[in-house]
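Everything below concerns the one structure shown next.
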Amino acid sequence: MEEIEKTFSKEQAAIEAERCLYCYDAPCETACPAHVPIAEFIQSIRTDNLKGAREIIQEAHPLIETCGRICPEESFCQSACTRIKMDTPIKIRELHRYITDNTDPSENLELVPATKGKIAIVGGGPAGLACARELRRFGYQPVVFEKKQLGGVPANEISATRLPEEIEKKEARFVHHNFVSEVKDTTIKSLEELDKEYSAIFISTGLSGELNLDIPGNNLDGVYYSRELLKRAKSGAKLPHFKRVGVIGGGNVAVEVASVLKIEDPLRDVEVIYRRGTKELKAFKKEIEEAIEVGVTFQFLAIPKKIEGDKRVEGLVVTRAHLGEKDPSGRRNPVPIPNSDFVIPLDAVVIAIGQKADVYFPKVERDAKGLVKVSDGLMANVKGVFAGGDIVRGASTVVECVADGKKAAQNIAKYLEGGKNV
Ligand code: SF4
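First residue of the sequence shown: 28, per my numbering; consecutive thereafter.
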């Protein structure tokens with residue numbers, strides 16, 4: 028599958044960089060979870076010093092090629108751009124991407140010797156890799172426990188139409204070769220397995236399971252789970268054959284899998300079926316726009332009631348809804364309309380209603396959703412055990428996971444060097 032977005036030309040980048048106002052308080056930088064010095068890198072684009080621009084970004088962020096492509100800028104840096112008040116925000120992510128597309132990964136690799144203790148990082152996704160890089164820069168020896176390919180969700184699930192495999196692999200390899208002391212292909216399930224050998228532990232296992240939709244017919248042939256399909260698509264395997272598919276959910280994963288299914292077979296009807304309205308969709312605006320562009324349709328205010336079929340899926344019975352009171356997240360709840368059931372004819376249903384955490388580390392305290400509870404400094408209830416990324420936040424973004432990895436590394440160092448609880 029081909030990448031959809033094209034990188035800026037030199038002229039486009041120059042025009043966009045010229046629009047930067049160099050605000051005194053740099054609100055864009057504060058809004059970027061990794062605090063990339065945005066005005067500084069834009070200044071380097073203006074002087075055509077792309078190598079310098081790359082160094083500025085990568086000093087703050089280890090996964091800059093990935094975020095240059097998939098960061099939801101409208102929720103972060105661009106949302107705070109002062110130019111919004113004048114005309115349109117500066118296209119910060121696209122400038123970010125322009126730099127990475129026109130330079131090679133290189134860093135100031137004059138690292139201090141790795142003479143400090145070994146730190147166990149359980150999970151080799153964005154949070155784990157960011158934590159490893161920071162710890163190695165402080166002189167620690169990060170050991171990453173990961174059974175799959177390093178890189179987490181971007182490596183294993185994000186569609187090649189948004190993040191080509193070679194880009195993401197190159198970046199994960201770079202962090203691995205330069206900052207990770209060792210990768211161990213072992214599943215760690217309890218703290219006792221690590222206690223003796225490691226000075227501290229960072230849990231960054233992410234969310235590996237998917238939530239089930241508890242309605243009749245959810246075990247029929249033709250019912251799939253979104254992440255299983257995304258993994259298959261990312262690995263290059265062919266997707267199952269179906270002609271009319273309903274994707275149940277309203278988050279980024281639902282919209283992403285719908286786009287992948289439509290792009291793989293443009294003749295296939297793909298509809299996202301969501302129980303709330305347009306405004307309540309959790310997926311990022313850019314992903315929704317891309318899905319509509321490739322031909323995905325949306326069925327709003329439809330509550331799934333039953334998957335119909337004998338052995339195979341033949342349709343989905345839904346109840347029409349209207350929007351009622353707001354829930355604690357501020358989104359209005361769907362209220363079923365009596366006697367409004369109707370059937371959407373389908374030959375496949377994809378469930379994409381959310382993810383859940385696998386329960387390892389029995390001594391580590393979790394909340395009702397299974398997410399690890401941490402202090403402001405990302406320490407769990409067990410001393411010397413830190414956690415970050417999706418296993419703490421729930422499903423989040425690469426740049427938020429990177430921010431957690433950096434913060435955890437700083438606090439691990441404080442804890443080990445100053446004996447402080449954080
Ligand atoms: S990492 Fe994301 S939020 Fe930060 S500057 Fe890049 S695009 Fe913006």
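Note that beta-carbon positions come from the ideal geometry of N, C-alpha and C, so glycine has one too.
Residue range of the alpha helix (DSSP H) that includes residue i
{"i": "Glu156", "result": "Note that residue 156 is Leu in the sequence shown, not Glu. Element bounds for Leu156: Pro153 to Arg164."}
{"i": "Glu291", "result": "Asn279 to Glu291"}
{"i": "Arg73", "result": "Ile65 to Arg73"}
{"i": "Glu54", "result": "Correcting the residue identity first, residue 54 is Pro in this sequence and not Glu. Pro54 to Ala58 is the extent of the alpha helix (DSSP H) around Pro54."}
{"i": "Val412", "result": "Run containing Val412: none in the alpha helix (DSSP H); it sits in the beta strand (DSSP E), Val412 to Ala414."}
{"i": "Glu86", "result": "Leu77 to Ala87"}
{"i": "Asn183", "result": "Gly179 to Asn183"}
{"i": "Lys338", "result": "Run containing Lys338: none; DSSP gives neither H nor E here."}
Residues that DSSP places opposite residue i in a beta bridge
{"i": "Glu298", "result": "Gly273 and Thr324"}
{"i": "Pro331", "result": "Val345"}
{"i": "Lys353", "result": "Arg359"}
{"i": "Val171", "result": "Ile148 and Val210"}
{"i": "Val399", "result": "Arg393"}
{"i": "Met406", "result": "Phe413"}
Presumed contact (8 angstroms Cβ cut-off) between residue i and residue j, rounded CB distance
{"i": "Arg359", "j": "Arg302", "result": "Not confirmed; about 11 angstroms, so no contact."}
{"i": "Lys332", "j": "Val340", "result": "The Cβ separation is near 14 angstroms, so there is no contact."}
{"i": "Arg295", "j": "Pro372", "result": "With 8 angstroms as the limit, Arg295 and Pro372 do not qualify as a contact, their Cβ atoms being about 14 angstroms apart."}
{"i": "Thr439", "j": "Ile146", "result": "In the sequence as displayed, the identity of residue 439 is Ile instead of Thr. About 6 angstroms separates the two Cβ atoms, so the contact holds."}
{"i": "Ile315", "j": "Val282", "result": "6 angstroms"}
{"i": "Ile230", "j": "Ala414", "result": "4 angstroms"}
{"i": "Gly150", "j": "Gly233", "result": "6 angstroms"}
{"i": "Glu473", "j": "Phe311", "result": "In this structure the chain extends from 28 to 449, so residue 473 is not present and cannot be described."}
Residue i vs residue j beta-carbon contact at 8 angstroms
{"i": "His62", "j": "Ala87", "result": "yes"}
{"i": "Lys289", "j": "Val323", "result": "yes"}
{"i": "Ala379", "j": "Phe269", "result": "no"}
{"i": "Leu48", "j": "Arg120", "result": "no"}
{"i": "Glu237", "j": "Lys396", "result": "no"}
{"i": "Leu256", "j": "Val377", "result": "yes"}
{"i": "Ala318", "j": "Pro60", "result": "no"}
{"i": "Val202", "j": "Ala154", "result": "no"}
{"i": "Glu43", "j": "Lys143", "result": "no"}
{"i": "Ile300", "j": "Ala329", "result": "yes"}
{"i": "Glu298", "j": "Phe325", "result": "yes"}
{"i": "Asn93", "j": "Val419", "result": "Before going further, note that residue 93 is Thr rather than Asn in the sequence given. It is not a contact, given that the beta carbons lie outside the stated cut-off."}
{"i": "Met406", "j": "Val412", "result": "yes"}
{"i": "Lys309", "j": "Pro99", "result": "no"}
{"i": "Asn183", "j": "Lys261", "result": "yes"}
{"i": "Arg453", "j": "Ile97", "result": "For residue 453 there is no data in the structure shown, the boundaries of the chain being 28 and 449."}
{"i": "Ala107", "j": "Ile72", "result": "no"}
{"i": "Pro132", "j": "Lys78", "result": "no"}
Residue-chain proximity (residue i, chain C), Cβ-Cβ < 8 angstroms
{"i": "Gly416", "result": "Chain labels in this structure do not include chain C; a single protein chain is all it has."}
Let me know the beta strand (DSSP E) ranges lying completely inside the region 194–273, each 3 residues or longer, listed in chain order. 209–211, 227–230 and 250–252
Start-end ranges of the alpha helix (DSSP H) lying completely within the region 91–150, minimum 4 residues: 91–97 and 119–128
Quick check on the DSSP output: what are the complete beta strand (DSSP E) runs of length 3 or more inside the region 368–396, in order along the chain? 375–378
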